[in-house]
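Per the numbering used here, residue 22 is the first one in the sequence shown, and the count goes up by one each step.
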Amino acid sequence: MKSRWLNVTHRGAFLAFLGLSLLGLGRTWADEADPPGRVARLSDLRGSVSLQPAGVQDWAAATLNRPLTTGDRLWADQDARAELDMGDAALRLGATTGFSFLNLDDHTAQMQLTAGTLLVHVRNIQPNQTYEIDTPNVALSLQQPGDYRVEVNETGDTTVVKVSAGQAQATGGGQSLAIGTQQMVTFAGTATVSYASATLGAPDELDSWSAGRERQRQESASRQYVAEDVPGTADLDTNGRWEATPDYGYVWAPNVVVAGWAPYRFGQWAWIAPWGWTWVDDAPWGYAPFHYGRWITWNSAWCWVPGPRYVRPVYGPALVGWVGGPRGGVAVGIGVSVGWFPLAPREVYVPGYHVSETYVRNVNITNTTIVNNTYITNVYKNNVTNIHYVNATPGAVTAVPQNVFASGQHVARHVIPVSREVLSTGVTSAPPPVVPSRQAVLGAGAGRAVPHPPPAVLSRPVVATTKPPRAPVPFERQVEAIKANGGRPLPRTELARFQPATPVAPVRLISAGGADRGRAQIPATPSRASAAAVGPGASQESGS
22 MKSRWLNVTH RGAFLAFLGL SLLGLGRTWA DEADPPGRVA RLSDLRGSVS
72 LQPAGVQDWA AATLNRPLTT GDRLWADQDA RAELDMGDAA LRLGATTGFS
122 FLNLDDHTAQ MQLTAGTLLV HVRNIQPNQT YEIDTPNVAL SLQQPGDYRV
172 EVNETGDTTV VKVSAGQAQA TGGGQSLAIG TQQMVTFAGT ATVSYASATL
222 GAPDELDSWS AGRERQRQES ASRQYVAEDV PGTADLDTNG RWEATPDYGY
272 VWAPNVVVAG WAPYRFGQWA WIAPWGWTWV DDAPWGYAPF HYGRWITWNS
322 AWCWVPGPRY VRPVYGPALV GWVGGPRGGV AVGIGVSVGW FPLAPREVYV
372 PGYHVSETYV RNVNITNTTI VNNTYITNVY KNNVTNIHYV NATPGAVTAV
422 PQNVFASGQH VARHVIPVSR EVLSTGVTSA PPPVVPSRQA VLGAGAGRAV
472 PHPPPAVLSR PVVATTKPPR APVPFERQVE AIKANGGRPL PRTELARFQP
522 ATPVAPVRLI SAGGADRGRA QIPATPSRAS AAAVGPGASQ ESGS
């Protein structure tokens with residue numbers, strides 16, 4: 022069969038041009054209603070790590086590959102640790118650590134640390150991006166790529182900042198302090214903050230683990246095939262192989278040993294606002310191939326086709342087409358079910374959440390080669406109805422009863438066969454309007470007894486120089502609005518109407534530079550303990 026694709030040489034030149042164009046644009050294209058183009062992947066879990074998703078009060082066991090976003094909280098219990106991969110940065114939590122995202126979008130990564138240890142490796146910072154770590158004592162702005170470590174003691178009255186490489190600015194108690202490479206500063210107090218500088222000291226076991234994880238990513242052979250900011254690329258190295266194809270360039274084939282395996286079959290669906298239905302895969306490598314790129318069969322095996330290398334990737338909750346009509350299901354003989362299949366190259370992903378046309382274009386052209394933007398728009402607006410989906414076949418389609426889907430249960434245990442007759446009439450680009458259950462929000466870890474952070478850690482206020490968003494909408498209020506919206510996610514602007522007036526966490530907002538007279542810089546060679554005490558300065562409670 023003659024290929025309709027650009028040949029590899031010309032396609033590479035085109036993608037290089039396209040990538041440079043998009044990199045120049047950054048992500049300033051986002052409409053107010055559009056969701057972020059990045060999230061944080063739970064990429065490593067050791068010991069007991071608990072998750073409190075935004076909008077619920079329950080805690081569940083954290084699960085590998087879960088995407089995290091604004092309002093999500095984590096607790097790493099004794100002898101536990103966790104890693105979050107954002108693509109352009111990695112966050113690593115030590116034991117007895119309370120962490121949350123006050124805000125995570127394309128421009129801001131605002132983190133709350135109320136107890137424990139947080140290591141942050143920033144790989145690159147775009148001109149319009151902010152990285153901020155808010156603690157009970159100081160707000161820390163990360164100003165350069167580098168390695169940062171922040172420790173908050175058990176009582177929350179002391180914060181230690183260590184900069185192995187990079188530049189940070191700490192603000193608290195009316196003063197702003199610059200901290201450079203190979204410097205360590207201890208901040209004590211809240212209303213009045215004192216600081217003492219000292220030499221950095223030798224790395225400990227947590228530092229060594231973090232460095233090893235980062236080294237694994239830097240040495241990954243898969244980086245040469247995948248865009249730089251795609252999380253989870255290093256996991257592909259030992260779990261599959263790269264093969265050259267005439268039509269798609271290099272593709273990745275997983276080392277699959279499970280009979281009947283297909284993409285988006287071994288895992289579960291979770292409801293994560295504002296995207297709605299989000300795939301969480303079981304495989305240790307199961308992140309990048311399910312939120313970026315497309316899937317094909319090559320030499321009788323499933324292969325993942327990554328998106329263009331020269332663009333900043335845009336995250337998608339699940340790049341699939343659907344089986345079922347506008348009422349949200351397909352009858353397969355034993356009741357209403359929901360079916361889906363992996364999209365192939367050049368097939369348009371249609372978000373089930375409210376977005377702008379610009380977002381639809383970008384989430385597609387950063388994940389596959391689609392030259393004609395008009396075609397993307399027509400598919401999104403349902404102006405094209407005779408679409409042939411390559412993977413809409415019985416072996417590639419996965420279907421489960423609707424109640425299994427809505428409650429976020431493991432899919433592979435409940436798969437139902439779908440006939441060719443059903444596929445000939447029931448394939449659609451739009452996801453089904455299925456209302457989620459609370460279990461789908463909590464994810465696969467729901468129902469287990471998990472450790473919780475102490476109440477003092479959970480309610481401990483922090484100081485911030487960036488005003489965080491208001492608290493997430495409680496799920497109980499969301500679900501009623503979702504029902505009224507026909508089972509579809511609410512637009513971000515609509516969600517804002519239901520948000521509480523209070524911020525996402527107890528936050529005391531302070532000016533970014535402290536008092537003008539309070540700016541200081543630690544000497545390149547600090548004394549054993551140079552200390553200063555500063556007053557509370559002007560501050561206000563963050564609100565709506």
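Here a beta-carbon is modelled for each residue, glycine too, at the ideal position from N, C-alpha and C.
DSSP places residue 64 within a strand segment (E or B) once states are collapsed to three.
Taking 9 Å as the cut-off, the beta carbon of residue 95 is found closer than this to the beta carbon of residue 118. Proximity of the region 56-70 to the region 98-110 meets the contact definition, three or more beta-carbon pairs being nearer than 8 Å. Within the model, the alpha-carbon separation for residue 327 versus residue 340 is close to 12 Å.
In this model, residue 469 and residue 231 are separated by some 28 Å (Cα to Cα). 254 is the residue among 342, 254, 293 and 319 whose C-alpha sits nearest the C-alpha of residue 306. Sixteen is the threshold: when 16 or more other Cβ atoms of the shown chains lie within 10 Å of the Cβ of residue 397, as they do, the residue is buried.
Residue 246 sits in coil when the DSSP states are folded into three classes, being neither helix nor strand. For residue 442, the enclosing alpha helix (DSSP H) has its first and last residue at 441-447. Rounded to whole angstroms, residue 386 and residue 59 show a C-alpha spacing of 16 Å. Membership of residue 502 in the alpha helix (DSSP H) is indicated by the continuous run 496-505.
The C-alpha of residue 214 lies about 14 Å from the C-alpha of residue 173. A distance below 7 Å between beta-carbons, with the five flanking residues on each side excluded, links residue 325 to the following residues of its chain, in chain order: 272, 273, 310, 314 and 316.
Closest in alpha carbon position to residue 402, among 57, 377 and 415, is 377. Note that the C-beta distance between residue 133 and residue 483 is below 9 Å. Look at residue 480 here: in three-state DSSP terms it is helix. Nearest to residue 284 by C-alpha distance, out of 73, 227, 420 and 210, is 420. Proximity to residue 439 across 358, 473, 458 and 384 peaks at 358, based on C-alpha coordinates. Taking all protein chains shown into account, residue 225 has fewer than 16 neighbouring C-beta atoms within 10 Å of its C-beta and is therefore exposed.
Inclusion of residue 164 and residue 188 in the CB contact set at 9 Å is warranted, their separation being smaller than that value. For residue 310, the enclosing alpha helix (DSSP H) stretches over residues 309-312. Partner residues in the beta bridge of residue 208, as assigned by DSSP, are 180 and 216.
Excluding the 5 residues flanking it on each side, residue 299 has same chain C-beta neighbours closer than 8 Å at 88, 290, 291, 292, 293, 338 and 339, in chain order. The beta-carbon separation of residue 464 and residue 84, rounded to 6 Å, stays under the 8 Å limit for a contact. Distance from residue 503 to residue 456 at the Cβ level is roughly 6 Å; contact confirmed, criterion being Cβ atoms closer than 8 Å. Residue environment analysis places residue 434 among the exposed positions, since fewer than 16 neighbouring C-beta atoms fall within 10 angstroms of its C-beta.
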